[in-house]
Amino acid sequence: MSQVPIAPDIFTWPADKPQLIGTQCEACGAITFPKQSSCPRCGRTEMRERLLPSRGTLVTWTTQEFLPKEPYASGETEQTFKPFGVGLVQLGDEIRVEARLTESDPSKLRFGMEMELVVIPFRREADGTEVVTFAFAPCS
Ligand SMILES: [Zn+2]
């Protein structure tokens with residue numbers, strides 16, 4: 001079975017311990033995710049690729065209860081859509097990233113919970129290729 005990431009340059013894959021791919025500004029140190037070619041803080045263009053920590057802590061979360069609009073393209077319909085969690089995860093001291101969560105029940109999540117980056121199936125193409133995306137899962 002072949003797997004492809006949902007977009008290039010979002011996370012390292014294949015990988016035993018996937019990491020999100022961000023950029024860091026050489027001039028002021030600001031970190032972005034996803035990658036950017038110019039710094040949102042100082043406007044310079046000396047950005048270098050930086051792999052972000054694969055673990056972080058949960059800051060806020062909610063549940064996506066309805067099928068998101070395009071460009072969300074999971075192949076699901078209003079009928080087959082399964083709600084999923086969405087959260088803001090603090091990665092080290094570096095950056096907060098909004099991401100899908102593997103847990104969709106808000107009562108099973110708590111502030112400061114340790115979360116780990118995982119890669120999960122997103123949709124299946126007609127030729128059998130599995131498209132994968134990233135999410136954060138509570139550390140067990
Ligand atoms: Zn900068």
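Under the numbering used here, residues 1 to 140 are what the sequence shown spells out, in order. The beta-carbon is built from N, C-alpha and C at its ideal position, and this holds for glycine as well.
- Residues whose Cβ lies closer than 6 Å to any heavy atom of ligand 1, listed in chain order: 25, 27, 28, 30, 39, 41, 42 and 44.
- Linking residue 52 to residue 139 through their CA atoms gives a straight-line distance of about 17 Å.
- With fewer than 16 other Cβ atoms inside 10 Å of its own Cβ, residue 120 counts as exposed.
- Only residues of its own chain outside the window of five on either side were considered, and among them 57 and 58 have a CB closer than 7 Å to the CB of residue 112, listed in chain order.
- The Cβ atoms of residue 31 and residue 22 sit closer than 8 Å to each other.
- Here residue 134 is buried, its C-beta having at least 16 other C-beta atoms within 10 Å.
- At a cut-off of 3 residues, the continuous stretches assigned as beta strand (DSSP E) that sit fully inside the segment 11-53 are 21-25 and 47-51.
- Beta-bridge partners of residue 3 (DSSP): 130.
- Annotation: residue 64 to residue 105 spans about 10 Å, alpha carbon to alpha carbon.
- Here residue 109 is actually not in contact with residue 136; their C-beta atoms are around 10 Å apart, not less than 8 Å.
- For residue 138, the three-state secondary structure derived from DSSP is strand.
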